[in-house]
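S.K.: One structure, as structure tokens, below. Some questions next.
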Amino acid sequence: MKHARVIHQGTVQWAVEHDGRLRLANGLVVDETDVSWLPPLAPMPRPRTIIALGLNYADHAKELAFKAPDEPLIFTKTETALVGHRSTSRRPADVTFMHYECELTVVIGRTARRVRRDDAYDFVGGYTVANDYAIRDYLENYYRPNFRVKNRDGCTPLGPWLVDAADIPDPMKLDLRTFVNGTQTQSGNTRDMVFDIPFLIEYLTAFMTLEPGDLILTGTPEGLADTRPGDEVVTEIDRVGRLVNTIVADDEPVESHA
Amino acid sequence: MDYSGWARSGRDGRVHPVTLGVDPAGLGSADWDACWQGGLPAVPTGGCVYGVALNHVDELAALGAALGEPPYKAPPKAPILYVKPSNTWSGPFADIVVPDGIDTVEVGASVALVFGRDTTRVRACSAWQHVEGLTLVADLSVPSPSFYRPPVRFKCLDGFCPIGPWVVQPHAALQSGSVTLEVRVDGSLLQSVSLHALVRDAAKLIEDISAFMTFRAGDVLMLGSGPGRPMVRPGQRVSVSCAGLGRLENRLIRVDASGSPAP
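In order, the protein sequences belong to chains A and B. Read in the numbering used here, the first sequence has 74 at position 74, and its numbers run on one by one without any break. For any residue, its number in the numbering used here is found by taking its place in the second sequence, counting from 1, and adding 1000.
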């Protein structure tokens, strides 16, 4: 099943996908433009741990003039970066390159500590799509990629759906695509990840405990392009979802495009 | 004088006001038990915990010409941030388990701000209005010489970020930076850090970081450690203290195959 977390008539609630529309918790069926979309995640009692992968597709590493890493390149983010489907993300006025990154995102379903890769899928609750924007102008060589590049308010759209893990039998065989204003600019397949999901769960939980609701953004394939105010950016993964975001100039008020 | 603030009780998990008639930097676990009805304190806050690397002028100076060479190529411009996720948190006086294979742990002691309000695009001149109080953090890491891309598996181990014991209302000495942070290992003073010598003081950090990301009420921001970070081994006791802010003390231990503390 596909779950969404939305605001409808002023109330935050869960909904499920229903023939291309949304069935709210109270039974009402509405269009996707009738609600404001939140990231499809339950609130957590502690801050959500958000792990992201750099250079986890060999073609993307080549595109950025890196050789594929021997060990996962992990960085961390916080929830202030997340926004839902059909939201806006802000591009600062002084930058020359703000690129999207379409990423399959793992949502942890059970407390995971020292998990073996053969058991790793038992700890996955579901999957969603992230668009992990980066502002390349701000990249510095300290604690790469630094927060000013990768942990900006509202610059990591997530959603629309949390898809139950049982509905994605092989997450390592999914096509990813990005469209800017309707033109496809990025394509890839999760089979080309350098470190696959079971490896990442084993690697991470060897030293850190992950809790239900924690996220792993598994990296992006090649095909990056600059995005400018007014651009509609759609990041899409087969069976998981089609996440829409619009770039706005930093001096415009933040508002939902729902 | 009386010292006041609040702590989270390890007994009921709730936040309680605390007033102490003695400088809390002298208080050990037995003293907390005796003088505070909440028993031993727990981690006092529940927001995101952020660290700032290379925020001490002497720490930056120690890198010298290396700042201009690969892999850095240029001195840092923006604050260098990282997260200590919730799996890393430990309470005051808690034992911290060091995994097998790790013999030395580096202590990044810091005074930390606790935000009282959501904080976005705030100027330095009004930054302190967003701070509810201050606390202590001992940011533990597996030593790594590089600031380029320190592995998360060195920074984010379970239990590797003790926080507390309490949150103290900002007072003038803390706001002006005229306090000294001290780190002791098994009672020996190994590091003294003056908060005067920061690249960015608390107000400037808040301005520069909140320009692009929001701090939520309850979030914690470490002001940064100093040069010469002490190293500590399993079996040793590390304490971080600061006048008026108290003392954060923890023991590093190993656990054997049966789950008992190993010698």
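Just so you know, even glycine gets a beta-carbon here, dropped at the ideal spot from N, CA and C.
#1: Which residue comes first and which comes last in the beta strand (DSSP E) that contains Gln184 of chain A?
#2: Quick check on Asp132 of chain A - is its C-beta less than 9 angstroms from some C-beta in chain B?
#3: Give me, in chain order, the residues of the same chain whose beta-carbon lies closer than 8 angstroms to that of Glu255 of chain A; leave out the 5 immediate sequence neighbours on both sides.
#4: Could you name the residues of the region 1099-1128 of chain B whose beta carbon sits closer than 8 angstroms to any beta carbon of chain A, in the order they occur along the chain?
#5: What residue range does the alpha helix (DSSP H) around Gln1169 of chain B cover?
#6: According to DSSP, Met1231 of chain B sits in a beta bridge with which residue or residues?
#7: Check Thr1045 of chain B in the structure and name its three-state DSSP category.
#8: Going along the region 40-73 of chain A in order, which residues come within less than 7 angstroms of chain B, judged by CB to CB distance?
#9: With respect to the alpha helix (DSSP H) encompassing Ser1210 of chain B, which residues constitute its N-terminal and C-terminal limits?
#10: According to DSSP, is Tyr1072 of chain B helix, strand or coil?
#11: Would you give the residue range spanned by the beta strand (DSSP E) that Trp37 of chain A belongs to?
#12: What whole-angstrom Cβ distance do Phe1160 of chain B and Ser1146 of chain B have, given they're in contact under 8 angstroms?
#13: For Lys1073 of chain B, would you say it is in contact with chain A, using Cβ-to-Cβ distances shorter than 9 angstroms as the test?
#14: If we call anything under 9 angstroms between Cβ atoms a contact, is Thr235 of chain A one with Pro169 of chain A?
#15: From which residue to which residue does the beta strand (DSSP E) around Val1015 of chain B run?
#16: Within 10 angstroms of the Cβ of Gly84 of chain A, are there 16 or more other Cβ atoms? Answer buried if so, exposed if not.
#17: Counting contacts by CB-CB distance shorter than 9 angstroms, is Val248 of chain A in contact with chain B?
#18: Give the secondary structure of Ile121 of chain A by DSSP, where H, G and I count as helix, E and B as strand, and everything else as coil.
#19: Apply the 10 Å Cβ neighbour rule to Glu1132 of chain B and answer buried if 16 or more other Cβ atoms are within range, or exposed otherwise.
#20: For chain A, find out if any of its Cβ atoms is closer than 9 angstroms to the Cβ of Met1213 of chain B; answer yes or no.
#21: Output the residue ranges of the beta strand (DSSP E) runs that lie fully inside the region 18-106 of chain A and measure 3 residues or longer, sorted by chain position.
#22: Please compile the residues from chain B whose C-beta is within a distance smaller than 9 angstroms of the C-beta of Glu101 of chain A.
#23: Report back the beta-carbon spacing between Met208 of chain A and Asp1158 of chain B to the nearest angstrom; my notes put them in contact at under 8 angstroms.
#24: Are the beta-carbon atoms belonging to Tyr127 of chain A and Ile201 of chain A less than 9 angstroms from one another?
#25: Looking only at its chain, what residues have a beta carbon closer than 6 angstroms to the beta carbon of Arg136 of chain A, apart from the 5 residues adjacent to it on each side?
#26: For Ser1225 of chain B, which residues from the same chain have a beta carbon less than 6 angstroms from its beta carbon, with the 5 sequence-adjacent residues on both sides left out?
#27: Looking at the structure shown, is Leu215 of chain A part of a helix, part of a strand, or coil, going by DSSP?
#28: Based on the DSSP secondary-structure assignment, which residues constitute the bridge partners of Leu1223 of chain B?
#29: Would you mind sorting Ser1258 of chain B into buried or exposed? The rule is 16 or more other CB atoms within 10 Å of its CB.
#30: Alpha carbon to alpha carbon, what distance is there between Ser1090 of chain B and Leu1081 of chain B?
#31: Starting from Ser1029 of chain B and walking both ways along the alpha helix (DSSP H), at which residues does that stretch end?
#32: Measuring only the C-alpha atoms, how far is Asp59 of chain A from Arg86 of chain A?
#33: Let me check understanding here. Comparing Cα to Cα, which of B:Val1168, B:Asp1201, B:Val1238, B:Thr1180 lies closest to Ala1188 of chain B?
#34: Along the chain, where does the alpha helix (DSSP H) that runs through Leu1198 of chain B open and close?
#35: For chain B, find out if any of its Cβ atoms is closer than 9 angstroms to the Cβ of Leu200 of chain A; answer yes or no.
#36: At a CB distance below 7 angstroms, what residues from the region 86-118 of chain A approach chain B? Give them in sequence order.
M.R.: Quick look at the numbers:
#1: In the first sequence, residue 184 of chain A corresponds to position 184, counting from 1. From DSSP, the beta strand (DSSP E) with Gln184 of chain A extends over 183-189.
#2: Taking the first residue of the first sequence as 1, we reach residue 132 of chain A at position 132. Output row for Asp132 of chain A: interface = no.
#3: As a position in the first sequence, residue 255 of chain A is number 255, starting the count at 1. A caution first: Glu255 of chain A carries a pLDDT of 43, below 50, which makes its placement in the model unreliable, though a value can still be read off. Within the same chain, Glu255 of chain A has close Cβ partners Thr88.
#4: Pro1099, Thr1120
#5: Translated into the one-based positions of the second sequence, residue 1169 of chain B becomes position 169. From DSSP, Gln1169 of chain B is part of no alpha helix (DSSP H); its letter is neither H nor E.
#6: Walking along the second sequence from the start, residue 1231 of chain B turns up at place 231. Beta-bridge partners of Met1231 of chain B (DSSP): B:Glu1106.
#7: To locate residue 1045 of chain B, count along the second sequence from 1; it is residue 45. Thr1045 of chain B falls in the coil class under three-state DSSP.
#8: Hits within the stretch, in order: Arg46, Pro47, Thr49, Leu73.
#9: The residue labelled residue 1210 of chain B in the question sits at position 210 within the second sequence. 1202-1210 is the span of the alpha helix (DSSP H), which, as asked, contains Ser1210 of chain B.
#10: For the purposes of this step, residue 1072 of chain B is taken as residue 72 along the second sequence, with counting starting at 1. Here Tyr1072 of chain B sits in coil by DSSP.
#11: To locate residue 37 of chain A, count along the first sequence from 1; it is residue 37. 36-38 is the extent of the beta strand (DSSP E) around Trp37 of chain A.
#12: As a first step, residue 1160 of chain B is located in the second sequence; it is residue number 160 there, counting from the start. As a first step, residue 1146 of chain B is located in the second sequence; it is residue number 146 there, counting from the start. About 18 angstroms separates the beta carbons of Phe1160 of chain B and Ser1146 of chain B, which is beyond the 8 angstroms limit, so they are not a contact pair.
#13: In the second sequence, counting from the first residue as 1, residue 1073 of chain B sits at position 73. Yes, because at least one Cβ of chain A sits closer than 9 angstroms to the Cβ of Lys1073 of chain B.
#14: Position 235 of the first sequence, counted from the start, is the residue given in the question as residue 235 of chain A. Position 169 of the first sequence, counted from the start, is the residue given in the question as residue 169 of chain A. No.
#15: On the second sequence, residue 1015 of chain B is found 15 positions in, with the first residue counted as 1. Looking at the DSSP string, the run of the beta strand (DSSP E) that includes Val1015 of chain B is 1015-1020.
#16: As a position in the first sequence, residue 84 of chain A is number 84, starting the count at 1. When all chains shown are included, Gly84 of chain A counts as buried.
#17: Taking the first sequence and counting its residues from 1, one reaches residue 248 of chain A at position 248. Answer no: the Cβ-Cβ gap between Val248 of chain A and chain B never drops below 9 angstroms.
#18: As a first step, residue 121 of chain A must be located in the first sequence, where it is residue number 121. Before going further, note that residue 121 of chain A is Tyr rather than Ile in the sequence given. Helix, per DSSP.
#19: Numbered from 1 along the second sequence, position 132 holds the residue referred to as residue 1132 of chain B. Glu1132 of chain B comes out buried.
#20: Here residue 1213 of chain B refers to the residue found at position 213 of the second sequence. So, interface residue.
#21: 21-24, 36-38, 50-54, 73-77, 87-91
#22: The sequence position of residue 101 of chain A within the first sequence is 101, counting from 1. Within chain B, no residue comes near Glu101 of chain A; the closest Cβ sits about 17 angstroms away, beyond 9 angstroms.
#23: The count along the first sequence starts at 1 and reaches residue 208 of chain A at position 208. The count along the second sequence starts at 1 and reaches residue 1158 of chain B at position 158. 6 angstroms between Cβ atoms; contact.
#24: In the first sequence, counting from the first residue as 1, residue 127 of chain A sits at position 127. In the first sequence, counting from the first residue as 1, residue 201 of chain A sits at position 201. No.
#25: Start at 1 with the first residue of the first sequence, and residue 136 of chain A comes out as number 136. Excluding residues within five positions, the ones whose Cβ falls inside 6 angstroms are Phe97.
#26: Residue 1225 of chain B sits at position 225 when you count from the first residue of the second sequence. The residues Gly1108, Ala1109, Ser1110, in chain order, have a CB closer than 6 angstroms to that of Ser1225 of chain B in the same chain once the five nearest residues on each side in sequence are set aside.
#27: In the first sequence, counting from the first residue as 1, residue 215 of chain A sits at position 215. Reduced to three states, the DSSP call for Leu215 of chain A is strand.
#28: Translated into the one-based positions of the second sequence, residue 1223 of chain B becomes position 223. DSSP, once it has assigned bridges, lists no residue as partnering Leu1223 of chain B.
#29: On the second sequence, position 258 is the one that residue 1258 of chain B refers to. Taking all protein chains shown into account, Ser1258 of chain B has fewer than 16 neighbouring C-beta atoms within 10 Å of its C-beta and is therefore exposed.
#30: Numbered from its first residue, the second sequence carries residue 1081 of chain B at position 81. Numbered from its first residue, the second sequence carries residue 1090 of chain B at position 90. Their Cα atoms are separated by approximately 20 angstroms.
#31: For the purposes of this step, residue 1029 of chain B is taken as residue 29 along the second sequence, with counting starting at 1. Per DSSP, Ser1029 of chain B belongs to the alpha helix (DSSP H) from 1029-1035.
#32: As a first step, residue 59 of chain A is located in the first sequence; it is residue number 59 there, counting from the start. As a first step, residue 86 of chain A is located in the first sequence; it is residue number 86 there, counting from the start. Whole-angstrom Cα-Cα distance: 29 angstroms.
#33: The residue given as residue 1188 of chain B occupies position 188 in the second sequence. This sequence places Ser at residue 1188 of chain B; Ala is not what is there. Nearest option by C-alpha distance: B:Val1238.
#34: As a first step, residue 1198 of chain B must be located in the second sequence, where it is residue number 198. It is not in any alpha helix (DSSP H) - Leu1198 of chain B carries neither H nor E in the DSSP assignment.
#35: Your numbering for residue 200 of chain A matches position 200 in the first sequence. With 9 angstroms as the cut-off, Leu200 of chain A does not count as an interface residue toward chain B.
#36: none
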